[in-house]
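Working notes, structure below.
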Amino acid sequence: MSANSLTIPKFSPGETVEFIGGMGMIVKCSPNSETWAYYVEMEMGDEPEMGRIGYETTILLLETDIDR
117 MSANSLTIPK
127 FSPGETVEFI
137 GGMGMIVKCS
147 PNSETWAYYV
157 EMEMGDEPEM
167 GRIGYETTIL
177 LLETDIDR
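So this is what it looks like as structure tokens:
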């Protein structure tokens with residue numbers, strides 16, 4: 117299936133979304149078997165004593181797993 121036969125993505129890069137397990141920001145999206153898959157950077161918790169280099173977790177979610 118090509119991206120042209122899909123509807124437009126429901127969420128956009130930079131948009132903050134909620135899902136079971138937390139909140140995060142959409143980084144990018146790509147077509148995935150008749151739906152869209154989103155790379156979401158989860159919100160960061162408190163900074164650990166040793167510091168932080170970047171985002172703690174980036175997860176891959178399908179459109180059906182995300183709320184606004």
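Be aware that the sequence shown starts at 117, since it is given in our numbering, and climbs by one per residue. Even glycine gets a Cβ: it sits at the ideal position worked out from N, Cα and C. Owing to the predicted nature of the structure, the values given are computational and were not obtained by experimental measurement.
Just to confirm, is the Cβ distance from residue i to residue j under 8 angstroms?
i: residue 135; j: residue 177; result: yes
i: residue 182; j: residue 143; result: no
From which residue to which residue does the beta strand (DSSP E) around residue i run?
i: residue 144; result: 138 to 148
i: residue 157; result: 151 to 158
i: residue 62; result: With the chain represented from 117 up to 184, any question about residue 62 goes unanswered, as that position is not in the structure.
How should residue i be labelled, buried or exposed, when 16 other C-beta atoms within 10 angstroms of its C-beta is the threshold for buried?
i: residue 125; result: buried
i: residue 140; result: buried
Between the Cα of residue i and those of the options, spot the shortest distance and give me the residue it belongs to.
i: residue 184; options: 156, 160, 173 and 146; result: 156
Going straight from the alpha carbon of residue i to that of residue j, what length do you get?
i: residue 150; j: residue 137; result: 24 angstroms
i: residue 175; j: residue 130; result: 15 angstroms
i: residue 117; j: residue 165; result: Residue placement at residue 117 cannot be trusted, given a pLDDT of 48 that sits under 50; what the coordinates show is reported in the next sentence. Taking the straight line joining both Cα atoms gives about 47 angstroms.
i: residue 163; j: residue 146; result: 31 angstroms
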